[in-house]
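First up is the structure itself, then whatever we jot down about it.
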Amino acid sequence: MINFIIKRILISLLVVFLVSLFVFSIMHILPGDPVRLAMGFEATEEDVQRVREQLNLTKPLVEQYFLWINGLFHGDFGISIVYHRTVADLLKDRLPRTINIGIPAMILAIVVGVGSGIISALQRGKWVDQGITLIATLGAGTPQFWLGIVGIYIFAIGLNLLPMQGYTSPTEDFALFLKKALMPVVCMAIVMFASLARQTRSSMLEVINQDYIRTARAYGISEASVIFRHALKNALIPVITIIGIQVRVVIGGSLLVEQVFNVAGIGTLLTAAVSNRDYFVVQSCVLIISLFTVVANLTVDLLYGVLDPRIRVSKG
Amino acid sequence: MLQNFNTGRVEQFFHVFFGRGILVQISLAIIFLFVSAALLAPVLTPYTPYEQDLTKLFAKPSAEHWLGTDNIGRDFLTRLLYGAQISLVTSLLSSIWAGMVGIVLGLIAGYFEGWIGSVIMRIIDAQLSIPSLIFSMVLGMVGGQSIIGMSIAIGVGAIPAYTRMVYGMVLSLKNNDYIVAASLIGQGETQILFRHLLPNCFAPLIVIFTMSLGMAIMVEAGLAYLGVGIAAPTPAWGVMVSEGYKYLTLYPRLAILPGLCVMLVVVAFNVVGDGLRDALDPRLRGKL
Numbered sequence: 013m014i015n016f017i018i019k020r021i022l023i024s025l026l027v028v029f030l031v032s033l034f035v036f037s038i039m040h041i042l043p044g045d046p047v048r049l050a051m052g053f054e055a056t057e058e059d060v061q062r063v064r065e066q067l068n069l070t071k072p073l074v075e076q077y078f079l080w081i082n083g084l085f086h087g088d089f090g091i092s093i094v095y096h097r098t099v100a101d102l103l104k105d106r107l108p109r110t111i112n113i114g115i116p117a118m119i120l121a122i123v124v125g126v127g128s129g130i131i132s133a134l135q136r137g138k139w140v141d142q143g144i145t146l147i148a149t150l151g152a153g154t155p156q157f158w159l160g161i162v163g164i165y166i167f168a169i170g171l172n173l174l175p176m177q178g179y180t181s182p183t184e185d186f187a188l189f190l191k192k193a194l195m196p197v198v199c200m201a202i203v204m205f206a207s208l209a210r211q212t213r214s215s216m217l218e219v220i221n222q223d224y225i226r227t228a229r230a231y232g233i234s235e236a237s238v239i240f241r242h243a244l245k246n247a248l249i250p251v252i253t254i255i256g257i258q259v260r261v262v263i264g265g266s267l268l269v270e271q272v273f274n275v276a277g278i279g280t281l282l283t284a285a286v287s288n289r290d291y292f293v294v295q296s297c298v299l300i301i302s303l304f305t306v307v308a309n310l311t312v313d314l315l316y317g318v319l320d321p322r323i324r325v326s327k328g
Numbered sequence: 138m139l140q141n142f143n144t145g146r147v148e149q150f151f152h153v154f155f156g157r158g159i160l161v162q163i164s165l166a167i168i169f170l171f172v173s174a175a176l177l178a179p180v181l182t183p184y185t186p187y188e189q190d191l192t193k194l195f196a197k198p199s200a201e202h203w204l205g206t207d208n209i210g211r212d213f214l215t216r217l218l219y220g221a222q223i224s225l226v227t228s229l230l231s232s233i234w235a236g237m238v239g240i241v242l243g244l245i246a247g248y249f250e251g252w253i254g255s256v257i258m259r260i261i262d263a264q265l266s267i268p269s270l271i272f273s274m275v276l277g278m279v280g281g282q283s284i285i286g287m288s289i290a291i292g293v294g295a296i297p298a299y300t301r302m303v304y305g306m307v308l309s310l311k312n313n314d315y316i317v318a319a320s321l322i323g324q325g326e327t328q329i330l331f332r333h334l335l336p337n338c339f340a341p342l343i344v345i346f347t348m349s350l351g352m353a354i355m356v357e358a359g360l361a362y363l364g365v366g367i368a369a370p371t372p373a374w375g376v377m378v379s380e381g382y383k384y385l386t387l388y389p390r391l392a393i394l395p396g397l398c399v400m401l402v403v404v405a406f407n408v409v410g411d412g413l414r415d416a417l418d419p420r421l422r423g424k425l
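Sequence lines, in order, name chains R and C.
For any residue, its number in our numbering is found by taking its place in the first sequence, counting from 1, and adding 12.
For any residue, its number in our numbering is found by taking its place in the second sequence, counting from 1, and adding 137.
Below you can see the structure in the form of structure tokens.
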């Protein structure tokens, strides 16, 4: 088990290292000069050169890379050329917004997705099953930005029930936070919900047809106990993998959802940074996002090892 | 005899594929319409997607403009049709290119394993730790906001699905007797990889290809919507949603119709992909 954990952690570190190399190289092979772009053409060459030096952009590439990584370990994520603020400062503003939308979205997706997957499997072929399957099929292919816009058209413009856009911190005004966050949370959850519902349904169906379930029933164990104590435990193992994979889908979706609902989170920060060629913001944001998904996957992998002893043995 | 066996399989394929219900048929119809719209756009409409009629801004649907005009007087239906063309081109280009690269990487990693296999698979893992929308967005900064540049960026994002699948297949196939026999009679590695191992991956590859078409359309639309993909005035559906969003209150069709097109086409490709998976090889269920 220890071997398994160490191996997984080492692989995760390697993955993060490769991502840092990737995003660093991309930012440095881009055509054009981001400093000149940010300062405008009226700035003198000396000024531009001074800023380049301040940002270490005149140093050799290898040194720049190490300066960046070294900074990261000290909480220094670089400086935004566009906002003239440190990236750490920007993240402190932006990250809580993304998290306050993203975490409820994931919880919603897991609860509703797994729940409806179970119902679907137990009611196989009935109209409830068909309805859930149809919604999941549509949900998996719905562009989140479009769903958001349709939601705004119906609930904000048409029915006037919810505010159109924006974000309020839950500590400031919790009721308003709920109203504003409702639609973004649902839009962000939809894709994860769809894949969880489908996966839960199919793995549940696979499990309830197995011999040990029939045996449990033959013993006269109550149906609820058969489903929840015996079937669900095994059926959820592949579902946990999907949760790990879907974390990145939710983060990716935050770009679209934040743009539609004008939530100034890390997603809109990254999108704007890409359009403005804001070097350090792109570099650090991408690395942080990949760190999130790597940690999520690592947790899932380890959890998997705990839940399913076969994995430990074969991979350890 | 062999003839019978083959027709039997073909029949079974259609039986399973269409036996999945009406959704498969609707999806095939949507894909047919989508491809026809893309191919026949110049014939179907008398307008071009860039032609402005400044006397007719936000015109209502009429005989002249079936779906009306947009904020600068361009025929809206024309732009939707050409949008199909852009989606079709980007999704085909990116999926074909992703398939070629992904298959070769998977074959190499699975057949040789060792350090080269580890390097390839770790790079694939690293790529998978970045959401594909973000990955293609960052990569797209290099190629620029053209259709070709975006197709390449979106394609690179789709490589892992192919590589992982081929890698897994090759690992499980390469110790079979017929592969060992092929190498014993002196067949080269290239020949073993492409003539003996690759054909066995055919069924899952078709499925992944179909699904990656839908995925590519989704990513392309997302990036265009964010303003970091294919750029205006090109009539990409994502661009149209983002432009139309400004006029949502008064002219909702401008934002809602192009997004609906994205959804219908993506769902159709997913449903057909699911159907193909079950019909070609039921064992793939739950794996792809």
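Backbone N, C-alpha and C define an ideal beta-carbon position, used for all residues, glycine too.
Owing to the predicted nature of the structure, the values given are computational and were not obtained by experimental measurement.
Is there a Cβ from chain B that is less than 9 Å from the Cβ of residue i?
| i | result |
| --- | --- |
| Leu315/R | Annotation note: the requested chain B is absent from the structure, which comprises protein chains R and C. |
How far does the alpha helix (DSSP H) with residue i in it extend, from its first residue to its last?
| i | result |
| --- | --- |
| Thr110/R | 99-134 |
| Pro395/C | 390-417 |
| Leu334/C | Looking at the DSSP string, Leu334/C is not in any alpha helix (DSSP H), and its letter there is neither H nor E. |
| Ile23/R | 14-41 |
| Thr371/C | Note, Thr371/C: premise wrong, no alpha helix (DSSP H); not H, not E. |
| Asp141/R | 139-152 |
| Ile168/C | 159-181 |
| Phe157/R | 156-163 |
| Val63/R | 57-66 |
| Ser92/R | Careful: Ser92/R lies outside any alpha helix (DSSP H) and carries neither H nor E. |
Quick check: what's the CA-CA separation for residue i versus residue j?
| i | j | result |
| --- | --- | --- |
| Gly366/C | Arg332/C | 38 Å |
| Gly160/R | Phe273/R | 7 Å |
| Glu387/C | Phe195/C | Per the sequence shown, the amino acid found at residue 387/C is Leu instead of Glu. Using only the alpha carbons, I get a separation of about 10 Å. |
| Thr56/R | Pro46/R | 15 Å |
| Pro196/R | Ile113/R | 7 Å |
| Gly129/R | Val140/R | 11 Å |
| Tyr299/C | Asn309/R | 20 Å |
| Ser181/R | Leu30/R | 35 Å |
| Gly410/C | Met13/R | 38 Å |
| Leu319/R | Phe16/R | 14 Å |
| Leu281/R | Thr98/R | 13 Å |
| Lys327/R | Val180/C | Unreliable placement is indicated for Lys327/R, whose pLDDT of 47 sits below 50; no coordinate value is reported for it. |
| Val306/R | Ile131/R | 31 Å |
| Val35/R | Trp80/R | 12 Å |
| Ala369/C | Ile18/R | 49 Å |
| Leu150/R | Gly323/C | 51 Å |
| Phe339/C | Arg301/C | 14 Å |
| Tyr362/C | Phe155/C | 35 Å |
| Gly178/R | Ile41/R | 36 Å |
| Ser199/C | Gly381/C | 19 Å |
| Leu188/R | Gly305/C | 49 Å |
| Leu270/C | Tyr315/C | 41 Å |
| Leu413/C | Ser215/R | 20 Å |
| Phe346/C | Leu191/C | 43 Å |
| Leu217/R | Gln135/R | 10 Å |
| Ile233/C | Gly153/R | 21 Å |
To the nearest whole angstrom, what separates the beta carbons of residue i and residue j, a pair I think is in contact under 8 Å?
| i | j | result |
| --- | --- | --- |
| Val317/C | Tyr248/C | The Cβ separation is near 13 Å, so there is no contact. |
| Gly256/R | Ser266/R | Actually they are not in contact, since the Cβ atoms of Gly256/R and Ser266/R sit about 17 Å apart, beyond 8 Å. |
| Ile209/C | Gln189/C | 5 Å |
| Val256/C | Ile296/C | Not confirmed; about 14 Å, so no contact. |
| Leu394/C | Leu218/C | Wrong, their Cβ atoms sit about 12 Å apart, outside the cutoff. |
| Cys398/C | Gly254/C | Contact doesn't hold; Cβ gap of about 41 Å is too wide. |
| Leu268/R | Gly351/C | Wrong, their Cβ atoms sit about 16 Å apart, outside the cutoff. |
| Ala392/C | Val153/C | Ala392/C to Val153/C, Cβ: 39 Å. No contact. |
| Arg109/R | Ala276/R | 7 Å |
| Lys198/R | Thr253/R | Note that residue 198/R is Val in the sequence shown here, rather than Lys. Actually they are not in contact, since the Cβ atoms of Val198/R and Thr253/R sit about 24 Å apart, beyond 8 Å. |
| Asp262/C | Val27/R | 5 Å |
| Leu294/C | Pro155/R | Here the sequence assigns Gly to residue 294/C, which means Leu is not the residue at that position. Actually they do not touch by this definition, with Cβ atoms about 16 Å apart. |
Quick one: does the C-beta of residue i sit closer than 8 Å to a heavy atom of the ligand GDP?
| i | result |
| --- | --- |
| Phe154/C | For the ligand GDP, the structure offers nothing, since it holds no ligand at all. |
**Report entry** Length at least 3, wholly inside the stretch 177-262 of chain R: the beta strand (DSSP E) runs in chain order
**Finding:** Unbroken beta strand (DSSP E) stretches of 3 residues or longer found wholly inside the stretch 177-262 of chain R: none.
Report task. Give a yes or no on contact between the stretch 123-137 of chain R and the stretch 199-207 of chain R, applying the rule of three or more CB pairs nearer than 8 Å. Result -> Flag = yes, the stretch 123-137 of chain R and the stretch 199-207 of chain R touch.
Report task. Decide yes or no for the touch test of the stretch 234-243 of chain R against the stretch 295-314 of chain R: beta carbon pairs closer than 8 Å, at least 3 of them. Result -> These segments do not touch.
Query raised in the report: Can you give, in chain order, each stretch of the alpha helix (DSSP H) that sits fully within the stretch 230-305 of chain C and has at least 4 residues?
Result: The qualifying runs are 251-265, 269-280.
Query raised in the report: Between the stretch 266-281 of chain C and the stretch 323-342 of chain C, do three or more beta carbon pairs fall short of 8 Å?
Result: Short answer: they don't touch.
Query raised in the report: Would the stretch 260-270 of chain C and the stretch 241-260 of chain R be scored as touching if the rule is three or more Cβ pairs under 8 Å?
Result: Two segments are said to touch when three or more pairs of C-beta atoms, one from each, lie closer than 8 Å; by this definition the stretch 260-270 of chain C touches the stretch 241-260 of chain R.
Query raised in the report: Should the stretch 164-177 of chain R be regarded as contacting the stretch 82-98 of chain R, the criterion being three or more beta carbon pairs within less than 8 Å?
Result: Contact fails: fewer than three Cβ-Cβ distances are below 8 Å.
Query raised in the report: Of all the alpha helix (DSSP H) runs that stay within the bounds of the stretch 264-293 of chain R, which reach a length of 4 or more residues?
Result: Along the length of the stretch 264-293 of chain R, whole alpha helix (DSSP H) runs at least 4 residues long occupy 278-288, reported in chain order.
Query raised in the report: If we count Cβ pairs, one from each stretch, closer than 8 Å, do we get three or more for the stretch 230-246 of chain C versus the stretch 200-208 of chain C?
Result: Remark: fewer than three beta-carbon pairs, one from each stretch, lie closer than 8 Å, so the stretch 230-246 of chain C and the stretch 200-208 of chain C are not flagged as touching.
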